Structures are given as structure tokens and as C-alpha cells.
């Protein structure tokens with residue numbers, strides 16, 4: 001009964017994913033929450049108020065007042081009652097109105113009156129989700145403190161494949177539990193560094209050497225640490241991801257810049273998580289002009305970059321250091337060697353041979369390895385993987 005006694009205001013908007021709200025409501029009730037439901041008028045075309053009333057054990061609110069007796073449905077009272085307002089599914093239309101303060105239905109007026117944490121679970125087609133307007137609205141909401149339950153990738157109602165599916169009800173329940181859990185402040189006062197994303201090593205003003213990292217895992221870790229109260233500095237290489245709420249972000253380009261920044265920031269930190277995909281080699285010389293194609297092959301001499309993790313490991317003292325290992329063969333042997341050589345407290349092993357793990361996807365499958373053994377995690381969302389990693393970080397910092 002992880003939500004025992006908690007008041008959850010569940011908002012449902014007009015999306016085909018509204019059918020999942022019934023399962024979500026049942027899970028919230030099963031976790032001990034008192035659930036009340038606000039629906040937009042269009043949501044009634046996808047799931048009936050009778051269904052949600054039966055599951056929530058409360059009348060469903062749609063209009064500002066009861067047309068039969070004039071009784072007012074107070075959005076102010078609803079916002080005061082709730083410990084969390086959860087809008088699932090949240091359409092592109094509703095997200096846009098939330099971002100711009102439009103209040104043309106009961107759900108939106110309640111959102112503008114809510115004094116509690118607010119979370120949204122977006123659901124829409126992939127082009128709508130990827131559109132600059134939607135991403136800008138989501139970033140605006142993040143900056144205002146709205147928690148975003150990232151949509152999943154898969155088959156959409158249009159028949160297309162891509163990102164836009166509302167997260168599964170069980171994952172949303174876990175998200176709300178974490179949002180309302182006291183553990184989110186359990187790292188209050190701790191200062192953490194997270195490196196994330198790919199470095200870029202210039203060949204000339206046009207070309208560079210890099211890798212496929214998107215930064216998703218590192219950004220999920222920075223977000224999880226911040227939500228537990230840590231003061232997080234995110235040292236970020238190339239990525240298109242938005243900065244997680246309450247996280248201080250420093251953008252870098254090259255491995256050298258990441259090395260210099262990490263060493264400087266580590267002096268005042270309690271620990272660091274080395275999740276960035278840092279180039280091991282960089283061109284020995286960088287041409288000031290674009291290299292032209294000539295006859296025959298081109299040879300570019302490379303030199304080793306600084307080993308950031310090893311340098312931090314050599315000077316860490318009582319501080320905590322977590323590393324990552326992405327391997328394609330002899331995975332555990334390579335990870336254990338890095339654990340010892342770089343003086344990590346533990347290392348997170350990824351194998352590119354595991355389906356659903358690696359670059360660019362929203363899931364991960366990792367093994368946590370320390371000097372006492374290993375803990376293999378199942379395939380999870382990167383957000384949940386980050387939570388499990390931070391659980392282990394927390395035990396070390398305490």
C-alpha cells in the first residue's frame with residue numbers, strides 16, 4: 001500500500017490511450033490511494049464516465065457545474081484536495097493549453113489551481129510528439145516543475161512505429177510512487193556530478209569523430225538524483241535532450257573539455273557517475289580549413305585522450321565513483337578489470353548483445369558489479385534503471 005492515504009486526482013483527455021486510464025485507476029486504488037477523476041468532454045468519447053466512476057468509487061467530474069441543480073464543481077477545492085494531479089493520457093492539445101495557461105475546461109482550470117505535484121503522461125502519434133511545438137511545450141512544463149512520464153516507442157494508433165505511446169499503467173504508478181515518496185529527498189545535501197552524452201573530436205571545421213550515444217541514460221540518472229534531493233551538476237556532451245528539472249548543466253564538446261570540467265567540479269562533489277561516451281582517441285592535429293578530397297587514401301593520426309574516470313578514481317579519496325562499461329564481448333571480464341583499474345565503487349555493465357539495451361532506445365538491461373559480486377537487472381525503462389542505480393548509490397553515500 002505504497003500510496004496509502006494519498007489523494008490522486010486523475011485527469012483523462014481525449015486520446016485512444018484513455019482505455020489505459022481504467023487500469024491505472026485500479027492500480028492506484030490497489031496501492032491505497034483515494035482517486036478522483038476529471039475528464040475533458042472529448043475524453044468521454046474514448047472511455048465512459050460510468051467505467052471510471054465504478055473503478056474510482058467517486059462521481060466523475062467533466063463540467064464546471066451540474067446542469068441539473070447548478071452545483072459547482074470547484075477546481076480550487078480539487079487542487080487543494082489532491083496530493084498529486086496526474087494527467088494520463090495527456091494529448092498534445094492539453095499539453096499546449098497547460099503550457100500557455102488556457103483554461104477552457106474543468107481539467108485545465110484545476111491544473112492552474114493545483115498546489116500539489118503535477119505529472120503528465122503524453123500520448124500521441126510520433127510526428128505530433130516530435131513536433132517542435134510539442135517539445136517546446138513539454139520543456140516549458142518541465143521548467144515549471146511538471147513531471148513528465150516519458151512515452152514509449154512502439155506501434156501507434158496510426159499504424160506507424162515510433163515514440164508516442166503512453167507509458168504502461170504499472171510504470172506510471174511507479175513514477176507517482178517515486179514522486180510522492182520521501183526517498184526523493186533522501187540525498188538532500190549531497191553534491192553529485194553526472195557525465196552524459198557523446199564527445200566530439202574535430203578533424204577540421206566540418207568533420208569530427210564521435211559515437212552513437214544520445215545521453216538518455218545519463219540524463220535519467222541526473223534526474224533521479226535530483227528528484228531525491230541531490231545537488232546535481234550534469235556535464236553534457238552532444239545531445240538533444242532537455243535539461244532535467246533542478247539540474248545544473250554544463251555543456252562541453254570535446255574529451256579534453258569534459259576532462260577539465262570534470263576535474264574542476266569533482267573537487268566540491270560527494271561523488272560522480274561517469275556515464276558519458278568519451279572518445280578514447282582524438283586527432284593529433286586539427287586542420288584549420290576543410291580538408292579536400294585528394295587521390296588515394298587519407299591517414300589521420302590519433303592520440304590518446306585523458307582517461308577521466310581513472311583520473312577521478314586516483315584522487316577520489318572517500319568520495320564515491322560509479323563507472324559504466326559498454327561491451328560487445330567478454331563483458332564481465334572487461335567490466336571487472338575497469339572496476340579495479342579505475343577505482344570505481346561499482347560499475348554498470350551494458351552489453352550491446354542484449355536486445356533493448358544500448359544507444360538511442362528508452363530501455364536498458366544492465367548488471368551492477370562491485371567487489372562483492374554482481375546484481376543483474378531485467379530489461380527496464382532507462383528511468384527505472386536509473387532509479388535502481390541510484391538506490392545503490394544511496395546505500396554507499398549513507
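Numbering (UniProt numbering), first residue to last: 1 to 398.
For each residue, glycine too, the CB sits at the ideal point set by N, CA and C.
Note that the structure is predicted; figures quoted are calculated from it, not measured.
**OP:** Find the nearest neighbour of residue 230 within the set 251, 190 and 260, judged by alpha-carbon distance.
**Re:** For the residues 251, 190 and 260, the minimum Cα distance to residue 230 belongs to 190.
Original post:
Alpha carbon to alpha carbon, what distance is there between residue 353 and residue 331?
Top reply: Near 10 Å, if we compare the C-alpha coordinates of residue 353 and residue 331.
Subject >> For residue 11, the first and last residue of its enclosing alpha helix (DSSP H) >> reply: That residue, residue 11, is in no alpha helix (DSSP H); its beta strand (DSSP E) goes 7–12.
Original post:
So which of 307, 268, 275 and 255 has the shortest CA-CA distance to residue 282?
Top reply: Taking only the C-alpha atoms, the option nearest residue 282 is 255.
Original post:
Between the segment 287–303 and the segment 198–207, do at least 3 Cβ pairs fall closer than 8 Å?
Top reply: Touching, yes.
**OP:** Following the continuous beta strand (DSSP E) through residue 251, name the residue where it begins and the one where it ends.
**Re:** Taken as a continuous stretch (DSSP letters only), the beta strand (DSSP E) holding residue 251 covers 247–251.
Original post:
Helix, strand or coil: how does DSSP classify residue 83 here?
Top reply: Coil.
**OP:** Spell out a yes or no on whether the segment 216–227 and the segment 156–167 are touching, meaning 3 or more CB-CB pairs, one atom from each, closer than 8 Å.
**Re:** Contact between the segment 216–227 and the segment 156–167 is absent, because fewer than three Cβ pairs lie under 8 Å.
Original post:
So, is the C-beta of residue 89 closer than 9 Å to a C-beta in chain D?
Top reply: Absent from the structure is chain D; it holds one protein chain and no more.
Original post:
Roughly how many angstroms lie between the CA atoms of residue 8 and residue 115, to the nearest whole one?
Top reply: Cα to Cα, the separation comes out at about 13 Å.
Original post:
Would the segment 343–350 and the segment 361–381 be scored as touching if the rule is three or more Cβ pairs under 8 Å?
Top reply: By the C-beta criterion, the segment 343–350 is judged to be in contact with the segment 361–381, since at least 3 inter-stretch pairs fall below 8 Å.
**OP:** Drop a sphere of 10 angstroms on the beta-carbon of residue 303, count the other beta-carbons inside from all chains shown, and report buried for 16 or more, exposed for fewer.
**Re:** Around the CB of residue 303, fewer than 16 other CB atoms lie within 10 Å, so the residue is classed as exposed.
**OP:** Within 10 angstroms of the Cβ of residue 47, are there 16 or more other Cβ atoms? Answer buried if so, exposed if not.
**Re:** By the Cβ neighbour-count rule, residue 47 is buried, with 16 or more other Cβ atoms within 10 Å of its own.
Subject >> Boundaries of the alpha helix (DSSP H) in which residue 137 is found, first to last residue >> reply: Unbroken alpha helix (DSSP H) run through residue 137: 132–143.
Original post:
In terms of residues, what are the limits of the beta strand (DSSP E) holding residue 163?
Top reply: Run containing residue 163: 161–165, per the beta strand (DSSP E) assignment.
**OP:** Taking only the alpha-carbon atoms, compute the straight-line gap between residue 423 and residue 81 and give it to the nearest angstrom.
**Re:** No answer is possible for residue 423: the residues shown for the chain start at 1 and end at 398.
Original post:
In its own chain, which residues sit with a C-beta less than 8 Å from the C-beta of residue 319, not counting the 5 before and 5 after it?
Top reply: Only 266, 269, 270, 271 and 272 meet the Cβ criterion.
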